[in-house]
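Everything on this sheet refers to the single structure shown next.
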C-alpha cells in the first residue's frame, strides 16, 4: 500500500511539472505577452515601448531559465536600471529583495499578480477559502440528495418510482450550470423574487440563505443526476445478490434489508464517483462564480486568464491540478480501503 | 415604441406552424421507422420503449431544424431591425407583418430565428468533433489496451495529463484570439485530422493485404477523400472550394477534440483490456493474425455497443462544451447565433429582460436531454442481448 501511494505521488509530481510547463509555454506565447504588456502600459503604446518593457521585466530571457525561476531552482535577479544603476522592484506592489535570491514555488513564493496588483498568495488563498465554503455547501446538498434518489430508484428496479427518478436524473445531467443558473435566476429571482440573483454580497457581507442558495443549487443540480445514476446501478446490483435473498427469506422486512444489508455495500461505488466529481465541480465553480459574481477561485481564474496574469494563472492551474490528482488518489485509496475484495498489489 | 402583439395562443400556434417542414420530415421518418422497426436492428429496437422514442424524436427534431433552418426561420439571424429592440414575445414587425415569436434581443434581432440558426452551428460542430475524438481515442486506445506495457504507460500518462486540466483553463489557453497568430491550432489540427486517415488505411490494409486490387481501390479512395478533407480543413486550401472552415471555428473544433479524446481513449483501453482475454482473440492469435488485424477486426466490432452509447453521451457533452465556450465568449464570433453565445448575452441582462434567455437555454437543454435519453435506451437494449 505504501509503495502504491509513493508511486502515485511520484506520478502526481511529474504530472504537475509537465502541466505547469505546458501552461508556462502557453502564457508566454507572443500574442499573450503583448496582451499582458498592453494591459500594464496603455492601449496606444508603440511596439518599441512594449518591447523595452518586456526586456526590462525579464520576459525576454531564456524560456527554461524563467521556468526555473518560477519553480525556484534558478536565482531571480534584482531589477537594475541600466542608466542609473539603482535597484527598483519590477512591480511596486510586490516586495522584491535587492540581491539575487531563490524565490519560486519550491520556496512557497507564488509570484506577483499583475492584474490584482498584489502578491499571488494574497489573492489566491482567500479566493480558495471562499470557494471552499461554496464547495462545502454544494457537497452538503448534493451528496445526500443524490444518494437518496439513487437508493430509492435502485431499491425496486423497474418500478414506477425507479423510472420517474431515472428520467429526472437524466434531465439534470443534461442541464449544465449555465442553463440551470439562468432558469433558476428567472424563476426564483425575477418571477418569485425569493432569492438574490447575485452572490456579490456574499463576499462583502457574509453568506446568507438569500444570496447563497442560487449558486449552491445551480452547482449541485448538475452533479446530482450523475451520482444518483451511479448509486442506482450499484444498488440494483446489490439487490440481486444472494445474501439479500437470504435476509429476505429469514423473515426480515424489506426496509430492514435495505437499511442494514444493502446500503453499506451499495455505497462503495458512489464514494469513488463523488471523489471523481471534484474535477467537474471545478469547471462548475468557474461558471457559477462568474455567473453570480462570487469572488472565489473560479472568478480569479477567469480574471487571470482574461488578462494573461502569468503568475496568478500558473498558481491557479497548480492548485486545480493538485485538487484533481489528489481526489483521484483519495478515491483509489478509499476504494481499496472500503472494499475488501480489492487488494492493491 | 408601441407594437401590436399576438396573444399567447397565437404565439404557440405560430411556433407550431413555422416548424412545418420539421413536423413533416419527422412524421415521414418516424412513421417509416416505426412500421419497419422489426427489420431495423438496434435502431428499430429503440421504438420499443418510450424513453427511446422520446430520445429519437428530440434528436431528429433538432437535426431537421438545422437542415431546414432557412425555411423555418422567418428572419435573418444577424439582421437588426431597430424598432424591435427588446421587443416582447409575439410583437409584430411592422414592415413584413411577421411576428417576432420569442421577441427581440438587445440588438433588435429575432430570438426565434437566432435559436433556429444556432442549431446549425451546434449540429455541425458537435457530432463532427465527437467523430474525430472517437477516431483519435480508438486509434490510440486499441494499442494501449492490447499491448499494455510501455505503450500503455506513456499513452495513459498523456491522457491523464489532459484530463487533469480543468476544461475551462484548457479552453482559455487554447481558444484565445491571439493564438490564431501562432501555428499551434494548425499544428494540432494537422495532427488530429491525420488519425482518421491512418485509421481507415490500417483498417483496409489489415483486412485486404492479400487482395491487392481491392486494397488499392480502398486505400486510394481513403487517401483521396481523406486528403481532400484534410487539405480543406487544415490548410483551408480545398481546390474545389467546398470544404472550408473559418480559423476561429477550426480553433474551437480542435480544442473540443483535444478535450474529449482522452475520455474516449480511456473507455476504449478499458474495453480492449477486457475483450482481449476472450477465446476468439486467442483463436485469432493462434491463426497467426497480425496484432492490428485482431484489434481492428476482432476486438473493435465487439466493443461497438458501449462505444455507440458513449458516442451519444459524448455528442451531448460536446454540445455542453460548445455552450461553455460560447458562454465565456471564447472562439465564436460575438454576433454568432449559437446557443452558448446567446445565453451569455441574455444572462447579463436578466435583471431587465428575461425573455431572450429562455429559448436558447431550453433548446440546448432539450437537445442534450434527447441525446442522453437515446443513450439510455441504447444501453438498455444492448444489455438485453
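Protein chains in written order, with the working numbering: chain A, 1 to 345; chain B, 346 to 730. Cβ atoms here follow ideal geometry from the backbone N, Cα and C, with glycine treated the same way.
Given 8 Å, three or more beta-carbon pairs between the segment 707-715 of chain B and the segment 479-487 of chain B:
no
Name the residue from A:157, A:222, A:151, A:201 whose alpha carbon lies nearest to the alpha carbon of residue 178 (chain A).
By one-based count along the first chain, residue 178 (chain A) stands at place 178. Residue 178 (chain A) has its Cα closest to that of A:222, out of A:157, A:222, A:151, A:201.
Taking C-beta to C-beta, are residue 297 (chain A) and residue 114 (chain A) nearer than 8 Å?
Sequence index remark: in the first chain, residue 297 (chain A) carries index 297 (1-based). Sequence index remark: in the first chain, residue 114 (chain A) carries index 114 (1-based). Between residue 297 (chain A) and residue 114 (chain A), the CB-CB gap reaches or exceeds 8 Å.
For the segment 708-723 of chain B, enumerate the residues whose C-beta is nearer than 7 Å to any C-beta of chain A, in chain order.
709, 710, 713, 714, 717, 718, 721
Taking the alpha helix (DSSP H) that residue 604 (chain B) falls in, what are its first and last residues?
By one-based count along the second chain, residue 604 (chain B) stands at place 259. Residue 604 (chain B) -> alpha helix (DSSP H) spans 592-620.
Which residues of chain A have a Cβ atom closer than 9 Å to the Cβ of residue 397 (chain B), listed in chain order?
For the purposes of this step, residue 397 (chain B) is taken as the residue at position 52 of the second chain. Under the 9 Å cutoff, chain A gives no residues; its nearest Cβ is about 12 Å from residue 397 (chain B).
By alpha-carbon positions, which one of B:462, B:493, B:561 ends up nearest to residue 414 (chain B)?
As a first step, residue 414 (chain B) is located in the second chain; it is residue number 69 there, counting from the start. Per the Cα distances, B:462.
Give me, in chain order, the residues of the same chain whose beta-carbon lies closer than 6 Å to that of residue 720 (chain B); leave out the 5 immediate sequence neighbours on both sides.
By 1-based counting over the second chain, the position of residue 720 (chain B) is 375. 654, 657, 658.
Is the beta carbon of residue 213 (chain A) less than 8 Å from the beta carbon of residue 195 (chain A)?
Start at 1 with the first residue of the first chain, and residue 213 (chain A) comes out as number 213. Start at 1 with the first residue of the first chain, and residue 195 (chain A) comes out as number 195. In contact: residue 213 (chain A) and residue 195 (chain A) (Cβ atoms closer than 8 Å).
Chain B contacts made by the segment 26-38 of chain A, where a contact means CB separation under 8 Å
26, 27, 29, 30, 31, 32, 34, 35
Compute the distance between the beta-carbons of residue 652 (chain B) and residue 593 (chain B), then report whether it is under 8 Å.
The residue given as residue 652 (chain B) occupies position 307 in the second chain. The residue given as residue 593 (chain B) occupies position 248 in the second chain. The answer is no: Cβ separation not under 8 Å.
Ends of the alpha helix (DSSP H) at residue 35 (chain A)?
In the first chain, residue 35 (chain A) corresponds to position 35, counting from 1. In the DSSP assignment, residue 35 (chain A) falls within the alpha helix (DSSP H) that extends over 30-40.
Using C-beta distances below 6 Å, list every residue in its chain close to residue 146 (chain A), excluding the 5 sequence neighbours before and after it, in chain order.
Your numbering for residue 146 (chain A) matches position 146 in the first chain. Here the set comprises 224, 227, 228.
Are three or more beta carbon pairs between the segment 497-517 of chain B and the segment 575-589 of chain B nearer than 8 Å?
Contact between the segment 497-517 of chain B and the segment 575-589 of chain B is absent: fewer than three C-beta pairs spanning the two stretches fall below 8 Å.
Is any beta-carbon of chain A found at less than 8 Å from that of residue 511 (chain B)?
On the second chain, residue 511 (chain B) is found 166 positions in, with the first residue counted as 1. Residue 511 (chain B) counts as touching chain A.
Looking at residue 448 (chain B) and residue 437 (chain B), is the spacing between their C-beta atoms short of 8 Å?
Here residue 437 (chain B) corresponds to residue number 92 of the second chain, with the count starting at 1. Here residue 448 (chain B) corresponds to residue number 103 of the second chain, with the count starting at 1. In this structure, residue 448 (chain B) does not lie closer than 8 Å to residue 437 (chain B) by Cβ.
Looking only at its chain, what residues have a beta carbon closer than 6 Å to the beta carbon of residue 360 (chain B), apart from the 5 residues adjacent to it on each side?
Numbered from its first residue, the second chain carries residue 360 (chain B) at position 15. Within the same chain, residue 360 (chain B) has close Cβ partners 446.
Verify the CB distance criterion: does residue 332 (chain A) have a CB-CB separation below 8 Å to chain B?
Within the first chain, numbered from 1, the residue matching residue 332 (chain A) stands at position 332. So, not an interface residue.
Where do the N-terminal and C-terminal ends of the alpha helix (DSSP H) with residue 587 (chain B) fall, by residue?
Your numbering for residue 587 (chain B) matches position 242 in the second chain. Element bounds for residue 587 (chain B): n/a, residue is neither H nor E.
Could you tell me the alpha carbon to alpha carbon distance between residue 345 (chain A) and residue 269 (chain A), rounded to whole angstroms?
As a position in the first chain, residue 345 (chain A) is number 345, starting the count at 1. As a position in the first chain, residue 269 (chain A) is number 269, starting the count at 1. Residue placement at residue 345 (chain A) is flagged as unreliable, the pLDDT there being 44, under the threshold of 50; a coordinate-derived value is accordingly withheld.
When the distance is taken between beta carbons, is residue 602 (chain B) closer than 8 Å to residue 471 (chain B)?
Start at 1 with the first residue of the second chain, and residue 471 (chain B) comes out as number 126. Start at 1 with the first residue of the second chain, and residue 602 (chain B) comes out as number 257. Going by C-beta atoms, residue 471 (chain B) is not nearer than 8 Å to residue 602 (chain B).
Whose Cβ in chain B lies nearer than 7 Å to the Cβ of residue 282 (chain A)?
Counted from its first residue, the first chain places residue 282 (chain A) at position 282. Going along chain B in sequence order, the residues near residue 282 (chain A) (Cβ under 7 Å) are 511.
Helix, strand or coil, according to DSSP, for residue 444 (chain B) in the structure here?
Residue numbering aside, residue 444 (chain B) sits at position 99 when the second chain is read from its first letter. Reduced to three states, the DSSP call for residue 444 (chain B) is strand.
Bridge partner(s) assigned by DSSP for residue 449 (chain B)
Here residue 449 (chain B) refers to the residue found at position 104 of the second chain. DSSP output for residue 449 (chain B) lists B:455 as bridge partner(s).
Endpoints, the alpha helix (DSSP H) within which residue 73 (chain A) is located:
Position 73 of the first chain holds residue 73 (chain A). Per DSSP, residue 73 (chain A) belongs to no alpha helix (DSSP H) and is neither H nor E.
Rounded to whole angstroms, what's the CA-CA distance from residue 148 (chain A) to residue 139 (chain A)? Just pull it up for me.
Counting from one through the first chain, the residue named residue 148 (chain A) turns up at place 148. Counting from one through the first chain, the residue named residue 139 (chain A) turns up at place 139. Per the coordinates, the alpha-carbon of residue 148 (chain A) lies some 14 Å from the alpha-carbon of residue 139 (chain A).
Looking at chain A, is there any beta carbon in it that lies within less than 8 Å of the beta carbon of residue 650 (chain B)?
Sequence index remark: in the second chain, residue 650 (chain B) carries index 305 (1-based). Taking Cβ atoms only, chain A never reaches closer than 8 Å to residue 650 (chain B), which makes this a no.
Consult DSSP for residue 345 (chain A) and reduce its assignment to one of helix, strand or coil.
Here residue 345 (chain A) is taken as the residue at index 345 of the first chain, counted from 1. With a pLDDT of 44 at residue 345 (chain A), under the threshold of 50, the modelled position of this residue cannot be trusted, and the question is left open.
Could you work out which residues of chain B lie near residue 113 (chain A), taking near to mean beta carbons separated by less than 7 Å?
Here residue 113 (chain A) is taken as the residue at index 113 of the first chain, counted from 1. Correct list: empty, because the minimum Cβ distance to chain B is about 16 Å.
What does a CB cutoff of less than 8 Å around residue 335 (chain A) pick up in its chain, not counting 5 residues either side in sequence?
Taking the first residue of the first chain as position 1, residue 335 (chain A) is located at position 335. These residues qualify, in order along the chain: 268, 271, 272, 342.
Residue environment, residue 207 (chain A), which counts as buried when at least 16 other CB atoms sit within 10 Å:
Counting from one through the first chain, the residue named residue 207 (chain A) turns up at place 207. Residue 207 (chain A) is buried by the Cβ-count criterion.
Less than 8 Å between CB atoms is the rule here; does residue 468 (chain B) satisfy it with respect to chain A?
In the second chain, counting from the first residue as 1, residue 468 (chain B) sits at position 123. Residue 468 (chain B) does not count as touching chain A.
Proximal residues of chain A, C-beta to C-beta of residue 405 (chain B) below 9 Å:
The residue given as residue 405 (chain B) occupies position 60 in the second chain. Going along chain A, no residue has its Cβ under 9 Å from residue 405 (chain B), so there is no contact; the nearest lies around 17 Å.
Is there a Cβ of chain B sitting closer than 8 Å to that of residue 344 (chain A), yes or no?
Looking up residue 344 (chain A) in the first chain gives position 344. Only weak support exists for where residue 344 (chain A) lies, its pLDDT of 47 falling under 50; the coordinates are left without a value.
With DSSP run on the structure shown, which of helix, strand or coil describes residue 527 (chain B)?
One-based indexing of the second chain puts residue 527 (chain B) at position 182. Under the three-state reduction of DSSP, residue 527 (chain B) is assigned to coil, being neither helix nor strand.
Within the same chain, show all residues whose beta-carbon is closer than 6 Å to that of residue 9 (chain A), passing over the 5 residues directly before and after it, in chain order.
Mapped onto the first chain, residue 9 (chain A) falls at position 9. Once the five neighbours on either side are set aside, residue 9 (chain A) has no close Cβ partner at all.
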